[in-house]
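Asker:
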């Protein structure tokens, strides 16, 4: 499965304070865990970081607990199940094209 996580900066803290918290909790060492693919990881100005991961569905709880235990306090989080629509859209476009 794929999961997109919005890591919204805690605006009551400076970036240095956020990074200190993340270092203390082990975030930088433990995220993402081994065997989890990072599909994309962007910084979005005004939002924070947006990470899309790919992993077996049975690891969802593990990912959730990791974020809860290590990112909270530095980030507010939002989770969105995600899928790649590009191939389906191209297939639909090809079927709609005049022959």
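Residue numbers (the numbering used here): 210 to 308. Idealized CB from N, CA, C, for every residue including glycine.
#1: Can you find the residues in the same chain that come closer than 7 Å, C-beta to C-beta, to residue 266, ignoring five residues on each side of it along the sequence?
#2: Is DSSP giving residue 227 helix, strand or coil here?
#3: Tell me the DSSP bridge mates of residue 252?
#4: Kindly give me the distance between the Cβ atoms of residue 275 and residue 212, rounded to whole angstroms, as I take these residues to be in contact under 8 Å.
#5: Quick check on DSSP: helix, strand or coil for residue 247?
#6: Can you tell me whether DSSP reads residue 291 as helix, strand or coil?
#7: Flag this pair as yes or no: are the beta carbons of residue 215 and residue 277 separated by less than 8 Å?
#8: How is the beta strand (DSSP E) around residue 215 delimited, first residue to last?
#9: Check whether the segment 248 to 261 and the segment 216 to 226 touch, using three or more Cβ-Cβ pairs below 8 Å as the test.
#10: DSSP state of residue 309, grouped into three classes?
Answerer: Answer, in terms of the structure:
#1: Indexing the chain shown from 1 puts residue 266 at position 57. Around residue 266: 210.
#2: Looking up residue 227 in the chain shown gives position 18. In this structure, residue 227 counts as helix in the three-state DSSP scheme.
#3: Translated into positions along the chain shown, residue 252 becomes position 43. Answer is 258, bridged to residue 252.
#4: As a first step, residue 275 must be located in the chain shown, where it is residue number 66. As a first step, residue 212 must be located in the chain shown, where it is residue number 3. Not a contact, Cβ separation roughly 12 Å.
#5: Stepping through the chain shown from its first residue, residue 247 is reached at position 38. Strand, per DSSP.
#6: For the purposes of this step, residue 291 is identified with residue 82 of the chain shown, where counting begins at 1. The answer is strand: DSSP assigns residue 291 an E or B state.
#7: On the chain shown, residue 215 is found 6 positions in, with the first residue counted as 1. On the chain shown, residue 277 is found 68 positions in, with the first residue counted as 1. Not a contact, by the Cβ cut-off of 8 Å.
#8: Here residue 215 refers to the residue found at position 6 of the chain shown. Counting along the chain, the beta strand (DSSP E) containing residue 215 begins and ends at 211 to 218.
#9: A contact exists between the segment 248 to 261 and the segment 216 to 226.
#10: Because the chain in this structure spans residues 210 to 308, residue 309 falls outside the shown range and cannot be described.
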